[in-house]
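In this text, residue positions in the sequence shown follow the working numbering: the first is 206, and each later residue adds one.
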Amino acid sequence: MDQEYTSALLGRAVDEFAKLPGIGRKTAMRLVLHTLRMDESAVDGFCEAIARLRHEVRYCKVCHNISDTEVCALCASQQRDKTTICVVENVQDVMAIEATMQYRGMYHVLGGVISPMDGVGPGDLQIQSLVDRVEQGEDVKEVILALSSTMEGDTTNFFISRKLSAVLADESRGLKLTVLARGLSINDELQYTDEATLGRSLVNRVPFVA
């Protein structure tokens, strides 16, 4: 048994909580002790929610957002604007944009950005599915590149623009490729941007220039 704790069960619980991002061992200990003070039914509910999330959650086959069903509620909604697709890095960015209440179109979650330093290439992301979706979706009139204003985000923007070059050149489609207005600071990540700034950047989006 770890000499730091009087209980091996306590020590293991602290170890597991400490594996979460941003959680040090002192915070992990506080969370574990708080859990011990909770009603057993509340703890059981907490454990069940985490287990079901891990085993039952799906990813939307259309936009790759987290979903309980094969097609997420946003993609299935008849109230959303099907002519616009907002391309984001992750699920947190979808939530950040939805919180602004300035956008009513569709989404496409890439699952990251191109980052050779981290071993992430185009094939590791949902870029080809985006290209297929745009090429096959004749109703799509605008693709918004809403990636973070980092070197990796800009690289991914450029790569997507190259992949969409053929359909963008087809004047009969009338497809526009836009980016968020630079109300966002360089190196800003969308999920940490305040709602007002993000909302303005979205509303005032501009044509993408490679």
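Just so you know, even glycine gets a beta-carbon here, dropped at the ideal spot from N, CA and C.
Per DSSP, what are the beta-bridge partners of GLU347 in this structure?
DSSP lists THR289 and LYS381 as partners of GLU347.
Specify whether the segment 309 to 323 and the segment 271 to 288 touch according to this definition: at least 3 beta carbon pairs, one from each stretch, less than 8 Å apart.
A contact exists between the segment 309 to 323 and the segment 271 to 288.
Enumerate in chain order the residues of its own chain whose CB-to-CB distance from VAL296 is below 7 Å, with the five nearest sequence positions on each side excluded.
Counting only Cβ-Cβ distances below 7 Å, and skipping sequence neighbours, we find ASN270, ILE271 and VAL314.
Whose CA, out of VAL248, VAL345, ILE349 and LEU238, lies closest to the CA of SER212?
Considering only alpha carbons, the answer is LEU238.
Using DSSP's beta-bridge definition, name the partner residues of MET311.
Note: MET311 sits in a beta bridge opposite ILE290.
Relative to the C-alpha of CYS252, which candidate in ILE302, ARG285, ALA218 and GLY317 has its C-alpha closest?
Nearest of ILE302, ARG285, ALA218 and GLY317 to CYS252, Cα basis: ALA218.
Is the segment 315 to 332 touching the segment 360 to 377, taking contact as three or more C-beta pairs under 8 Å?
Yes, they touch.
In whole angstroms, what separates the C-alpha of ASP323 from that of ASP244?
One C-alpha to the other measures close to 43 Å.
CB-CB under 7 Å to PHE222, same chain, minus the five flanking residues each way: which ones, in chain order?
If we look at PHE222 and ignore the five residues flanking it on each side, its Cβ neighbours are ILE228, ALA233, LEU236 and VAL237.
Are LYS266 and GLU275 closer than 8 Å when you measure CB to CB?
Yes, the pair counts as a contact, with Cβ atoms nearer than the cut-off.
Taking 8 Å as the CB-CB limit, is VAL296 close to chain C?
In summary, chain C is missing from the structure at hand, where a single protein chain is found.
Where does ARG263 land, buried or exposed, given buried means 16+ other C-beta within 10 angstroms?
ARG263 should be labelled exposed.
What is the DSSP secondary structure of PRO321, counted as helix, strand or coil?
Three-state DSSP puts PRO321 in a helix.
What are the boundary residues of the alpha helix (DSSP H) that CYS252 is part of?
Counting along the chain, the alpha helix (DSSP H) containing CYS252 begins and ends at 245 to 261.
Work out the CA separation of GLY316 and THR383 for me, nearest whole Å.
Rounded to whole angstroms, THR383 to GLY316 spans 20 Å at the Cα level.
For the putative contact between VAL372 and VAL339, defined by C-beta atoms under 8 Å, what is the C-beta separation to the nearest angstrom?
Between VAL339 and VAL372 the Cβ distance is about 6 Å, and since that is below 8 Å, they are a contact.
Within the same chain, show all residues whose beta-carbon is closer than 8 Å to that of VAL318, passing over the 5 residues directly before and after it, in chain order.
Around VAL318: GLU294, VAL325, LEU330, LEU352, SER353, THR355, GLU357, GLY358, THR360 and THR361.
State the Cα-Cα distance for the pair TYR210 and LEU241, rounded to the nearest angstrom.
Cα-Cα distance, rounded: 15 Å.
By Cβ distance below 7 Å, which residues in the same chain neighbour PRO226 in space, the five residues on each side in sequence not counted?
Taken in chain order, the list of residues that qualify is empty.
DSSP on SER366, reduced to helix/strand/coil?
DSSP places SER366 in helix when its eight states are reduced to three.
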